[in-house]
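These notes are about the structure you will find just below.
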Amino acid sequence: MKNKVIAFVVSAIFFFSCSKDNTPGNVNDPLPTGTVIVNGIFKSSAHPTSGSVKITMATDGKKYLVFENFKTDNGPDLRVWLSPSISGTPYQEIGVLKAVTGNFSYELSASINYTTNNKVLIWCEDFSILFGYAELP
(Lines of atoms letter the chains of each structure in order from A and count residues from 1; the text may use other names and numbers.)
(Lines give C-alpha, C1' and ligand atoms only; values in the text may rest on other atoms or scores of the structure.)
Protein backbone atom coordinates (compact mmCIF):
# COMPACT_ATOMS: atom_id res chain seq x y z
CA MET A 1 0.00 0.00 0.00
CA LYS A 2 2.81 2.40 0.91
CA ASN A 3 4.43 1.86 -2.51
CA LYS A 4 1.14 2.70 -4.26
CA VAL A 5 0.84 5.96 -2.31
CA ILE A 6 4.44 6.90 -3.15
CA ALA A 7 3.87 6.05 -6.82
CA PHE A 8 0.70 8.17 -6.86
CA VAL A 9 2.45 11.17 -5.26
CA VAL A 10 5.40 10.94 -7.68
CA SER A 11 3.00 10.65 -10.63
CA ALA A 12 0.97 13.64 -9.45
CA ILE A 13 4.10 15.78 -9.04
CA PHE A 14 5.28 14.77 -12.51
CA PHE A 15 1.92 15.43 -14.15
CA PHE A 16 1.05 18.70 -12.42
CA SER A 17 4.51 20.23 -12.25
CA CYS A 18 4.99 22.98 -14.76
CA SER A 19 1.33 23.95 -14.60
CA LYS A 20 1.89 27.50 -13.30
CA ASP A 21 0.65 29.97 -15.91
CA ASN A 22 3.17 32.38 -17.34
CA THR A 23 3.34 31.73 -21.09
CA PRO A 24 1.02 33.88 -23.22
CA GLY A 25 -2.25 32.16 -24.12
CA ASN A 26 -2.89 32.68 -27.83
CA VAL A 27 -0.84 34.21 -30.64
CA ASN A 28 -1.78 34.31 -34.32
CA ASP A 29 1.15 35.94 -36.05
CA PRO A 30 1.38 36.27 -39.83
CA LEU A 31 3.37 33.22 -40.94
CA PRO A 32 6.29 33.34 -43.34
CA THR A 33 5.71 31.78 -46.74
CA GLY A 34 8.18 29.93 -48.89
CA THR A 35 9.42 26.43 -49.60
CA VAL A 36 8.74 23.82 -46.92
CA ILE A 37 11.97 21.97 -46.18
CA VAL A 38 10.64 19.51 -43.61
CA ASN A 39 7.55 19.17 -41.41
CA GLY A 40 6.23 17.19 -38.46
CA ILE A 41 3.29 16.70 -36.12
CA PHE A 42 3.45 17.31 -32.37
CA LYS A 43 2.98 14.40 -29.99
CA SER A 44 2.17 14.63 -26.31
CA SER A 45 4.62 13.72 -23.58
CA ALA A 46 4.00 14.93 -19.99
CA HIS A 47 1.26 17.32 -21.18
CA PRO A 48 -1.18 17.25 -24.11
CA THR A 49 0.51 18.84 -27.12
CA SER A 50 -0.76 19.04 -30.70
CA GLY A 51 -0.36 20.92 -33.96
CA SER A 52 2.19 20.94 -36.72
CA VAL A 53 5.64 22.40 -37.18
CA LYS A 54 7.71 22.96 -40.29
CA ILE A 55 10.92 24.55 -41.42
CA THR A 56 10.35 26.95 -44.28
CA MET A 57 12.84 28.77 -46.48
CA ALA A 58 11.47 32.18 -47.38
CA THR A 59 12.15 33.86 -50.72
CA ASP A 60 14.80 36.04 -49.06
CA GLY A 61 16.75 32.89 -48.04
CA LYS A 62 15.91 33.06 -44.32
CA LYS A 63 14.76 29.87 -42.61
CA TYR A 64 11.90 29.76 -40.12
CA LEU A 65 10.54 27.26 -37.63
CA VAL A 66 6.77 27.62 -38.13
CA PHE A 67 4.12 26.43 -35.64
CA GLU A 68 0.56 25.97 -36.95
CA ASN A 69 -2.58 25.11 -34.98
CA PHE A 70 -0.29 24.58 -32.00
CA LYS A 71 -1.67 23.78 -28.56
CA THR A 72 -0.14 22.71 -25.25
CA ASP A 73 -0.69 23.25 -21.53
CA ASN A 74 0.67 26.34 -19.86
CA GLY A 75 3.70 26.26 -17.60
CA PRO A 76 6.62 28.27 -16.29
CA ASP A 77 9.62 28.90 -18.50
CA LEU A 78 8.54 26.86 -21.52
CA ARG A 79 11.24 26.70 -24.19
CA VAL A 80 11.54 25.54 -27.79
CA TRP A 81 14.54 23.30 -28.31
CA LEU A 82 15.91 21.31 -31.23
CA SER A 83 17.61 18.07 -30.21
CA PRO A 84 18.62 14.71 -31.69
CA SER A 85 16.58 12.97 -28.96
CA ILE A 86 13.52 13.62 -26.82
CA SER A 87 15.72 13.50 -23.71
CA GLY A 88 16.82 17.05 -24.53
CA THR A 89 20.52 16.21 -24.39
CA PRO A 90 22.16 17.85 -26.26
CA TYR A 91 19.97 20.63 -27.59
CA GLN A 92 19.97 23.96 -29.41
CA GLU A 93 17.62 26.51 -27.90
CA ILE A 94 15.37 28.37 -30.35
CA GLY A 95 13.74 30.59 -27.73
CA VAL A 96 10.99 31.00 -25.19
CA LEU A 97 7.68 29.48 -26.30
CA LYS A 98 5.70 32.41 -27.74
CA ALA A 99 2.25 31.04 -26.82
CA VAL A 100 0.47 27.89 -25.72
CA THR A 101 -1.96 28.08 -28.65
CA GLY A 102 -1.91 29.55 -32.12
CA ASN A 103 0.27 30.17 -35.15
CA PHE A 104 3.74 31.69 -34.84
CA SER A 105 7.30 31.31 -36.06
CA TYR A 106 10.94 31.74 -35.12
CA GLU A 107 13.69 32.86 -37.48
CA LEU A 108 16.47 30.27 -37.44
CA SER A 109 20.07 31.43 -37.27
CA ALA A 110 22.65 29.83 -39.56
CA SER A 111 24.10 27.98 -36.53
CA ILE A 112 20.93 25.89 -36.07
CA ASN A 113 21.46 22.31 -37.25
CA TYR A 114 17.96 20.97 -37.87
CA THR A 115 19.16 17.86 -39.71
CA THR A 116 21.05 16.48 -36.71
CA ASN A 117 18.72 18.11 -34.17
CA ASN A 118 15.57 16.81 -35.85
CA LYS A 119 13.25 16.80 -32.82
CA VAL A 120 11.36 19.97 -31.85
CA LEU A 121 10.89 19.90 -28.08
CA ILE A 122 8.57 21.95 -25.89
CA TRP A 123 10.62 21.88 -22.71
CA CYS A 124 9.82 23.16 -19.21
CA GLU A 125 13.14 24.58 -18.08
CA ASP A 126 12.10 24.99 -14.42
CA PHE A 127 11.22 21.33 -13.92
CA SER A 128 13.16 19.62 -16.77
CA ILE A 129 9.99 18.15 -18.23
CA LEU A 130 9.18 17.47 -21.87
CA PHE A 131 5.66 18.74 -22.61
CA GLY A 132 5.56 17.48 -26.19
CA TYR A 133 7.66 17.03 -29.30
CA ALA A 134 7.63 16.71 -33.08
CA GLU A 135 10.00 14.77 -35.29
CA LEU A 136 11.33 16.38 -38.45
CA PRO A 137 12.20 13.38 -40.67
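In my numbering, the protein residues as written are 378 to 514.
Just so you know, even glycine gets a beta-carbon here, dropped at the ideal spot from N, CA and C.
The criterion of a C-beta distance shorter than 8 Å is not satisfied by residue 433 and residue 467. Here DSSP, grouped into helix, strand and coil, assigns residue 439 to coil. Straight across, the Cα-Cα distance linking residue 426 with residue 451 is about 10 Å.
Nearest neighbour of residue 462 by Cα position, chosen from 493, 436 and 483, turns out to be 493. With a contact defined as Cβ atoms closer than 8 Å, residue 402 and residue 478 qualify at about 6 Å.
DSSP places residue 511 in the uninterrupted beta strand (DSSP E) bounded by 506-512. Taking the CA atoms as reference points, residue 441 sits about 15 Å from residue 511.
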